[in-house]
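S.K.:
In this note's numbering, the protein residues as written are 3 to 83.
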């Protein structure tokens, strides 16, 4: 696990308690690597519905946090509090 560490935004969200490590792992596997929830569930040894529920719960939390706490500067530089 810990694949989400490659994303500074997800690592910061986990560090701040916005989402859990498992939620971050599922987000990166689905959003970045385009893995299906079936693949994710097999890889992480959990039911498909649980993986999907964790993903669907994490995304709104991330969006809310990003709108409040993350500033995207010109040229795409991201600043997190």
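Note that beta-carbon positions come from the ideal geometry of N, C-alpha and C, so glycine has one too.
Could you check how far apart the C-beta atoms of residue 26 and residue 6 are, in whole angstroms? I think they sit under 8 Å.
M.R.: Indexing the chain shown from 1 puts residue 26 at position 24. Indexing the chain shown from 1 puts residue 6 at position 4. Under the criterion of beta carbons closer than 8 Å, residue 26 and residue 6 qualify as touching, at roughly 4 Å.
S.K.: May I have the straight-line CA-CA distance separating residue 31 from residue 77, to the nearest angstrom?
M.R.: Against the chain shown, residue 31 aligns to sequence position 29. Against the chain shown, residue 77 aligns to sequence position 75. The alpha-carbon separation between residue 31 and residue 77 amounts to approximately 26 Å.
S.K.: Taking the straight line between their C-alpha atoms, what separation do you get for residue 69 and residue 18?
M.R.: The count along the chain shown starts at 1 and reaches residue 69 at position 67. The count along the chain shown starts at 1 and reaches residue 18 at position 16. If you take the alpha carbons of residue 69 and residue 18, they lie about 15 Å apart.
S.K.: Please identify the residue among 20, 34 and 41 whose C-alpha is closest to the C-alpha of residue 9.
M.R.: Counting from one through the chain shown, the residue named residue 9 turns up at place 7. It is 34.
S.K.: By the DSSP assignment, the alpha helix (DSSP H) with residue 55 in it spans what residues?
M.R.: Your numbering for residue 55 matches position 53 in the chain shown. Residue 55 -> alpha helix (DSSP H) spans 50 to 71.
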